[in-house]
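Residue numbers (the working numbering): 4 to 449.
The structure appears below as structure tokens.
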Ligand code: HEM
């Protein structure tokens, strides 16, 4: 019987709260596109954007940590050291509080994705180190690791390493050389995302094993080949971020080839997509399965976009446009958030009971999420294409005229964003309700 160690659940609940905050601040930021400066008297865009991005990044990191703990608790019941994980959670809470407070007071000092004052990153690094220690303590006793334990290990370790590298610019030796500094920065951004992807994709593998009860998949040669390909991408595919920098040619070629190996992922995904179709029919009532299935479709759509963006000739057009934002949001919402939602439906239930029965209303919000996300994503891409063409063209119109010409597209983007926010918050609230009933009200289930 599954143990009642709730460590993972606490992390998942905090992650869902961060998601709700992130969604609300995303909409508040986006409204500036159609009513520029409307929020100036209380918070301006340069505060709303980092609040949104930080909340969302914390949702993914804390959510992934919750999934790893929940998965571990299933594999090795009651082996997680609770005091370590509670100190880790406490450090996260302190960091979140200080960071949001800093943004509200317009204190910045950090860089893209981590714009808060760098001193607070020490608290996050300390929390992560505790995570690494707690994780190693448990997995060291497990013989013959399935692929998801390797993925979690890689993700936790590389995140800590890359997160530290992320602050190399604090040293004048790195900061004073523009190209070196920018190259490291982009490498770090790519690898940080690669690290949390290892945690989230590892969770997807764990869930697939648990749901299909097929223990062979996660130990197969194919699973490990995919793992090594993912690892290579984590380490080298960042090169497509720096095509516009005057750096060594070999870096571009290596990264281009590595990015292209992602075609293998694509082939694999299409193959899995066909395979899972039969399973999906069987399990279509099952929310964890549905969200995983949705994430596969989003992997497919986003991979197409990423591959086009990796081709240097196209990259010149897409660089710095809303296509980059579509890529960032498409992957973090479509892939990471879908897998995390799927995991929450599996992990936030009590023992083996099913408190979260699929209801018509949840089904409605599931579809509302997918459809509004699709409109949101496509609209950003169209805005980005128009901007890219303007950037590379003769620029007969001014920047503001070009943006003003797109006002109806921005309106569609914001409306789709509001619908997306409503749908995702509804799902998050249903999950949190389950957590609170289970934890604090000790509701009788099933
Ligand atoms: C789970 C849901 C969401 C996730 C994971 C997410 C993620 C992100 C990420 C990673 C970025 C940084 C993009 C970059 O630097 O290129 C971003 C930016 C942004 N997001 Fe979201 N987002 C979500 C929902 C929303 C919603 C519902 C809205 C509302 C319309 C929104 C509006 C924005 C805006 C306005 C930006 C700034 C774009 C710019 O710099 O022009 N996001 N989001």
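Ideal placement from N, C-alpha and C gives every residue a C-beta, glycine not left out.
- Query: When the Cα atoms are used, what is the spatial distance from residue 139 to residue 131?
  - Reply: Those two C-alpha atoms are separated by around 12 Å.
- Task: Report the residue from 371, 177, 396 whose alpha carbon sits nearest the alpha carbon of residue 428.
- Result: Of the listed residues, the one whose Cα sits closest to residue 428 is 371.
- Query: Taking Cβ to Cβ, would you say residue 348 is nearer than 8 Å to residue 294?
  - Reply: The Cβ atoms of residue 348 and residue 294 lie closer than 8 Å to each other.
- Assigned secondary structure, residue 449 (DSSP; H/G/I helix, E/B strand, else coil): Residue placement at residue 449 is poorly supported in this model, since its pLDDT is 39, which falls under 50; the coordinates still yield a value, given next. Residue state, collapsed to three classes: coil.
- Query: Measuring from the CB of residue 302, is there a heavy atom of the ligand HEM at a distance below 7 Å?
  - Reply: False, no ligand heavy atom lies under 7 Å from that Cβ.
- Query: Which stretch, first to last residue, makes up the alpha helix (DSSP H) that contains residue 315?
  - Reply: Looking at the DSSP string, the run of the alpha helix (DSSP H) that includes residue 315 is 315-321.
- When DSSP labels each residue in this structure, what does residue 148 get in the three-state scheme? The answer is coil: DSSP assigns residue 148 none of H, G, I, E or B.
- Item | Beta carbon of residue 83 nearer than 8 Å to that of residue 47 | Going by beta carbons, residue 83 and residue 47 fall outside the 8 Å limit.
- Query: Which one of 79, 155, 182, 174 has the shortest CA to CA distance from residue 203?
  - Reply: Distances from the CA of residue 203 to each of 79, 155, 182, 174 were compared; the closest alpha carbon is that of 155.
- Message: Tell me the rounded alpha-carbon separation between residue 328 and residue 144.
- Response: If you take the alpha carbons of residue 328 and residue 144, they lie about 42 Å apart.
- Query: Once you ignore the five residues that flank residue 70 on each side, which residues in its own chain have a CB closer than 6 Å to its CB?
  - Reply: In the same chain as residue 70, and ignoring 5 residues on each side of it, the C-beta atoms closer than 6 Å to its own belong to 206, 346, in chain order.
- Could you tell me which residues DSSP puts in a beta bridge with residue 117? In the DSSP output, where bridge partners are listed per residue, residue 117 has 114.
- Query: Within this structure, are the beta carbons of residue 11 and residue 76 separated by less than 8 Å?
  - Reply: Result yes, Cβ atoms of residue 11 and residue 76 sit closer than 8 Å.
- Query: Taking residue 192 as the reference, which of 174, 43, 176, 163 has the closest Cα?
  - Reply: If we check each option's Cα against that of residue 192, 163 comes out closest.
- Message: Could you compute how far the alpha carbon of residue 99 sits from the alpha carbon of residue 363?
- Response: Whole-angstrom Cα-Cα distance: 35 Å.
- Return yes when the C-beta of residue 420 is under 7 Å from any heavy atom of the ligand HEM, and no when it is not. Answer for residue 420: yes, Cβ within range of the ligand HEM.
- Item | Nearest candidate by alpha-carbon position, reference residue 299, set 310, 339, 388, 430 | Ranking the options by Cα distance to residue 299, first place goes to 339.
- Item | Backbone CA spacing between residue 412 and residue 393 [nearest angstrom] | Approximately 16 Å between the Cα atoms of the pair.
- Is residue 441 helix, strand or coil when you go by DSSP? The answer is helix: DSSP assigns residue 441 an H, G or I state.
- Query: For the alpha helix (DSSP H) that contains residue 140, what are its first and last residues?
  - Reply: Here the alpha helix (DSSP H) through residue 140 covers 124-142.
- Message: Distance check for residue 433 and residue 421, CA to CA, integer angstroms please.
- Response: Roughly 18 Å between the two C-alpha positions.
- Message: Considering only heavy atoms of the ligand HEM, does any lie closer than 7 Å to the CB of residue 55?
- Response: Yes, since a heavy atom of the ligand HEM falls inside the 7 Å radius drawn around the Cβ of residue 55.
- Message: I'd like to check one pair, residue 391 with residue 311: are the Cβ atoms closer than 8 Å?
- Response: Between residue 311 and residue 391, the C-beta gap is not smaller than 8 Å, which leaves the two residues out of contact.
- Is residue 398 helix, strand or coil by DSSP? Three-state DSSP puts residue 398 in coil, outside helix and strand.
- Message: Taking contact to mean 3 or more Cβ pairs, one atom from each stretch, closer than 8 Å, check whether the region 38-56 and the region 169-181 are in contact.
- Response: The answer is no - the region 169-181 does not touch the region 38-56, with fewer than three Cβ pairs under 8 Å.
- Buried or exposed for residue 72, please, with buried defined as at least 16 other CB atoms from any protein chain shown within 10 angstroms of its CB. When all chains shown are included, residue 72 counts as buried.
- Query: By Cβ distance, which residues of its chain are closer than 7 Å to residue 109, with the 5 residues on each side in sequence left out?
  - Reply: Same-chain partners within the cutoff: 50.
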